[in-house]
């Protein structure tokens, strides 16, 4: 128990000291840990949109404009849902997708829910 307490005290001392020899490496380590955690949660959150985009690309033969349009719209799950609401449910006109391509895209998005 004393070893654990001593370790905690040493860690707290290292975290609170602002000496350049300690502060610079500590800030680098904390920065990399925070960015790694941020990236991992972003990846977990956007898996559905990436999966839907991959499925659309594999099932439909997209031209460059269509692919760019979908890639921009499907960057986030929120963007994918917005696209689905606008073009699949509200039936607004889309300059890149119409007819069978639009129906297949809507079906793929609905399957990812």
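Numbering (the numbering used here), first residue to last: 154 to 266. We treat Cβ as the ideally placed atom computed from N, Cα and C, and that holds for glycine.
Segment contact flag, the segment 228 to 236 with the segment 196 to 216, C-beta cutoff 8 angstroms, min 3 pairs: yes
Residue 238 classed as buried or exposed, judged by whether at least 16 other C-beta atoms fall within 10 angstroms: For the purposes of this step, residue 238 is taken as the residue at position 85 of the chain shown. By the 10 Å Cβ count, residue 238 comes out exposed.
Anticipated Cβ contact below 8 angstroms, residue 255 with residue 240, distance rounded: Counting from 1 along the chain shown, the entry for residue 255 is found at position 102. Counting from 1 along the chain shown, the entry for residue 240 is found at position 87. The Cβ separation is near 7 angstroms, so the contact holds.
Three-pair Cβ contact test at 8 angstroms for the segment 174 to 183 versus the segment 205 to 225: no
Residue 174 Cβ short of 6 angstroms to the ligand NAP heavy atom set: Here there are no bound small molecules, and the ligand NAP is not part of this structure.
Residue 164 (DSSP reduced to helix, strand or coil): The sequence position of residue 164 within the chain shown is 11, counting from 1. The answer is helix: DSSP assigns residue 164 an H, G or I state.
Residue 185 to residue 176 span [Cα, whole Å]: Residue 185 sits at position 32 when you count from the first residue of the chain shown. Residue 176 sits at position 23 when you count from the first residue of the chain shown. Rounded to the nearest angstrom, the two C-alpha atoms are 14 angstroms apart.
Among 171, 248, 234, nearest to residue 221 - alpha-carbon criterion: As a working mapping, residue 221 is identified with position 68 in the chain shown. When each option's Cα is compared against that of residue 221, the closest is 248.
Any alpha helix (DSSP H) of 4 or more consecutive residues that is wholly inside the segment 218 to 251: 230 to 236
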